[in-house]
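Input: a single structure, listed below in structure tokens.
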Amino acid sequence: MADNHGESPLAARADLLAQASVPGVVEIGEVPFQAQITLRADPKGAGAERAGTALGTMLPTQPGEVAASETVRVLWMGPDEWLLVGAQGSAEEIQSTLTEALAGEHASIVDVSAHRTVVRVAGPKAEELLSKGCALDLHPRSFEAGRCAQTMLAHAEVVLVRNSVEPPEFWVFVRSSFSRYLADWLADAASEYGRPSAAA
Numbered sequence: 036m037a038d039n040h041g042e043s044p045l046a047a048r049a050d051l052l053a054q055a056s057v058p059g060v061v062e063i064g065e066v067p068f069q070a071q072i073t074l075r076a077d078p079k080g081a082g083a084e085r086a087g088t089a090l091g092t093m094l095p096t097q098p099g100e101v102a103a104s105e106t107v108r109v110l111w112m113g114p115d116e117w118l119l120v121g122a123q124g125s126a127e128e129i130q131s132t133l134t135e136a137l138a139g140e141h142a143s144i145v146d147v148s149a150h151r152t153v154v155r156v157a158g159p160k161a162e163e164l165l166s167k168g169c170a171l172d173l174h175p176r177s178f179e180a181g182r183c184a185q186t187m188l189a190h191a192e193v194v195l196v197r198n199s200v201e202p203p204e205f206w207v208f209v210r211s212s213f214s215r216y217l218a219d220w221l222a223d224a225a226s227e228y229g230r231p232s233a234a235a
């Protein structure tokens with residue numbers, strides 16, 4: 036079995052993102068090594084229902100919907116496509132669960148954990164910061180908790196997920212090859228918020 040230990044895509048930007056973060060205003064940091072599995076299957080088939088039962092949450096059927104159980108989140112990516120996200124090291128277990136549930140069905144189950152990394156953007160200024168490079172209306176009235184969207188952020192293709200409204204928290208899924216570019220952009224865009232005083 037291949038050694039899956041190594042440096043995360045944004046390890047070299049960890050200090051930059053920490054310095055760009057302002058406690059109580061905006062926090063930016065990588066959430067590395069999340070298990071990510073792409074599933075393609077017939078949403079109306081018996082296999083999809085079995086998969087939902089096995090995962091502990093039914094596969095979402097509406098655009099932008101996110102479903103979740105205690106161990107996995109399922110993001111709607113298309114009429115017959117989902118991105119399943121779990122904790123580090125859980126990719127094999129998720130794949131095994133899906134393979135068993137979808138046995139005999141026409142489906143595709145692919146580990147894409149190395150394809151993207153996740154950047155967490157949180158705090159009162161999170162919406163404002165992301166809106167500098169994203170055309171979506173990120174106000175909670177339009178983009179509420181438990182929603183996802185495939186969009187552009189600073190000219191990079193991303194999957195944006197709102198985890199919560201209060202406190203505001205987003206996860207940004209970005210291709211590993213674009214992650215450092217996006218980290219640099221986020222750090223620069225957050226510079227106007229200043230940094231906490233070093234004085235006690």
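Residue numbers for the sequence shown follow my numbering, so the first one is 36 and each next one is one higher. The beta carbon of each residue, even a glycine, is placed where N, CA and C say it ideally should be.
Spatial distance of residue i from residue j (CA atoms)
i	j	result
A46	G64	10 Å
V147	V60	33 Å
A142	P159	41 Å
D38	V207	Any reading at D38 must be qualified, since the residue scores a pLDDT of 45, below 50, and its modelled position is unreliable; the value itself is stated next. Taking the straight line from one Cα to the other gives about 26 Å.
G168	G139	44 Å
G113	E163	27 Å
S226	A55	6 Å
G41	E105	27 Å
A53	D219	12 Å
Boundaries (first-last residue) of the alpha helix (DSSP H) holding residue i
i	result
T132	A126 to A136
F213	S211 to A224
Residue i: first and last residue of the uninterrupted beta strand (DSSP E) it sits in
i	result
Q69	Looking at the DSSP string, Q69 is not in any beta strand (DSSP E), and its letter there is neither H nor E.
L103	The amino acid occupying residue 103 in the given sequence is Ala; Leu does not appear at that position. A103 -> beta strand (DSSP E) spans V101 to A103.
L238	Outside the displayed span of the chain (36 to 235) sits residue 238, for which this structure offers no information.
Where residue i falls: helix, strand or coil (DSSP)
i	result
T186	strand
T96	coil
S177	coil
L29	Nothing can be reported for residue 29: it is not among the residues displayed for the chain, which extend from 36 to 235.
S56	coil
V154	strand
G139	coil
L110	strand
S199	strand
CB contact flag (residue i, residue j, <8 Å)
i	j	result
T152	P67	yes
V194	L90	no
V154	L221	yes
V101	L94	no
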